[in-house]
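Trainee: Have a look at the structure that comes next, please.
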Amino acid sequence: MKRLSVLALPLLLSCSSGKNYAQAVVALVDVSGTYADQKPEVVNVIKRGILPKLQPGDSIFVIRIDDESYKKANVEGGMTLDVRPSKANAQKLAFASQLDEFSKRPVHTAHTDIRGAMMLGAEYLKESGAGTRTLVIFSDMEEDLPKGVKRDLAPDEFAGMRVLAMNVKKLSADNANPTAYRARLAGWKQQVTSHGAKEFQVVLEPDRLDELLDRR
Numbered sequence: 012m013k014r015l016s017v018l019a020l021p022l023l024l025s026c027s028s029g030k031n032y033a034q035a036v037v038a039l040v041d042v043s044g045t046y047a048d049q050k051p052e053v054v055n056v057i058k059r060g061i062l063p064k065l066q067p068g069d070s071i072f073v074i075r076i077d078d079e080s081y082k083k084a085n086v087e088g089g090m091t092l093d094v095r096p097s098k099a100n101a102q103k104l105a106f107a108s109q110l111d112e113f114s115k116r117p118v119h120t121a122h123t124d125i126r127g128a129m130m131l132g133a134e135y136l137k138e139s140g141a142g143t144r145t146l147v148i149f150s151d152m153e154e155d156l157p158k159g160v161k162r163d164l165a166p167d168e169f170a171g172m173r174v175l176a177m178n179v180k181k182l183s184a185d186n187a188n189p190t191a192y193r194a195r196l197a198g199w200k201q202q203v204t205s206h207g208a209k210e211f212q213v214v215l216e217p218d219r220l221d222e223l224l225d226r227r
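Final position of the sequence shown in my numbering is 227; the numbers increase by one with none missing.
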């Protein structure tokens with residue numbers, strides 16, 4: 012029995028080391044209000060800016076932001092790439108097709124539960140065990156919870172995670188008063204970093220995802 016334990020130790024250490032180098036990404040896609048029409052563009056960014064950066068052993072999940080986002084049904088798709096490159100490439104192609112179907116499916120909600128999706132996404136990131144964990148949010152970042160819905164973040168909700176606000180669509184009021192837009196994003200930065208996130212960054216150009224997702 013002792014000999015088996017000794018033999019198993021290198022394998023266990025190898026698995027643990029692999030997890031440390033792995034990356035997990037959760038993309039949150041807003042389908043509410045004025046942002047709903049951005050879905051095809053968002054799916055395109057995920058397919059071209061996130062999927063190609065993933066390596067064997069990495070994970071990705073796509074979660075829908077709607078009126079009540081803290082539901083397993085809001086997970087549009089997810090996978091952990093096989094360690095075999097050929098199998099991983101096949102998984103990427105299948106996932107891209109799944110995203111295309113999501114892009115074409117009519118979905119539109121009146122309310123916007125951003126924190127619910129973030130809480131669900133954080134749970135998937137923690138469960139992945141990956142060394143690098145990133146939440147990418149595609150939204151106007153204007154939360155509007157339905158009556159009766161409450162979202163309280165745990166002190167360590169986003170512990171060790173990066174949060175990227177991508178393709179933040181400006182509201183009509185933001186164009187008239189840019190200070191309101193900046194204050195909204197500053198409020199989100201304060202909220203996520205005070206609940207454990209090691210970084211909150213607004214990403215204006217999709218091309219920057221290459222650089223940001225290379226940081227492991």
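The C-beta atom is built at its ideal place from N, Cα and C for all residues, glycine as well.
Output the distance between the C-alpha atoms of residue 129 and residue 160, rounded to the nearest integer angstrom.
Mentor: When rounded, the distance between both Cα atoms is 15 Å.
Trainee: Indicate the three-state DSSP secondary structure (helix, strand or coil) for residue 43 in the structure shown.
Mentor: Reduced to three states, the DSSP call for residue 43 is strand.
Trainee: Identify whether residue 106 lies in helix, strand or coil by the three-state DSSP scheme.
Mentor: In this structure, residue 106 counts as helix in the three-state DSSP scheme.
Trainee: Can you say whether residue 216 is buried or exposed, counting buried as having 16 or more other CB atoms within 10 angstroms of its CB?
Mentor: So residue 216 ends up on the exposed side.
Trainee: Quick one: is residue 23 buried, meaning 16 or more other Cβ sit within 10 Å of its Cβ, or exposed?
Mentor: In this prediction, residue 23 has a pLDDT of 46, which is less than 50 and means its spatial position is unreliable; what the coordinates show is noted afterwards. Looking at its Cβ environment, which holds fewer than 16 other Cβ atoms inside 10 Å, residue 23 is exposed.
Trainee: Could you have a look at residue 202 and say whether DSSP puts it in helix, strand or coil?
Mentor: It is helical.
Trainee: Would DSSP call residue 176 helix, strand or coil?
Mentor: Reduced to three states, the DSSP call for residue 176 is strand.
Trainee: Go ahead and pull the three-state DSSP assignment for residue 70.
Mentor: In the structure shown, residue 70 sits in a strand (DSSP, three-state: E or B).
Trainee: By Cβ distance below 7 Å, which residues in the same chain neighbour residue 213 in space, the five residues on each side in sequence not counted?
Mentor: Around residue 213: 176, 179 and 196.
Trainee: Is it buried or exposed, residue 231, if we count other Cβ atoms within 10 angstroms and call 16 or more buried?
Mentor: Since the first and last residues shown for the chain are 12 and 227, residue 231 lies out of range.
Trainee: Please classify residue 224 as buried or exposed, where buried requires at least 16 neighbouring CB atoms within 10 angstroms.
Mentor: Buried, by the Cβ-count rule.
Trainee: From residue 59 to residue 112, what does the alpha carbon distance come to, in whole angstroms?
Mentor: Going from the Cα of residue 59 to the Cα of residue 112 covers about 16 Å.
Trainee: Going by beta carbon distance, what residues of the same chain come within less than 7 Å of residue 168, once the five residues before and after it are set aside?
Mentor: These residues qualify, in order along the chain: 130, 133, 206 and 207.
Trainee: Once the 5 residues before and after residue 56 are set aside, which same chain residues still bring their CB inside 6 Å of it?
Mentor: Counting only Cβ-Cβ distances below 6 Å, and skipping sequence neighbours, we find 217.
Trainee: From the DSSP output, in three-state form, read off residue 207 for me.
Mentor: The answer is coil: DSSP assigns residue 207 none of H, G, I, E or B.
Trainee: Starting from residue 34, follow its DSSP beta bridges and name the residues at the other end.
Mentor: Looking at the DSSP assignment, residue 34 forms a beta bridge with 143.
Trainee: Let's see if you can read the secondary structure: which residues bound the alpha helix (DSSP H) around residue 52?
Mentor: Where residue 52 is concerned, the enclosing alpha helix (DSSP H) stretches over 50-56.
Trainee: Pick out whichever of 185, 75 and 148 has its Cα sitting closest to the Cα of residue 200.
Mentor: Residue 148 is the option with its Cα nearest to residue 200.
Trainee: Three or more C-beta pairs closer than 8 Å, one from the segment 139-157 and one from the segment 45-52: is that the case here?
Mentor: Yes, the segment 139-157 touches the segment 45-52.
Trainee: Residue 94 bridges to which residues according to DSSP?
Mentor: According to DSSP, residue 94 bridges with nothing at all.
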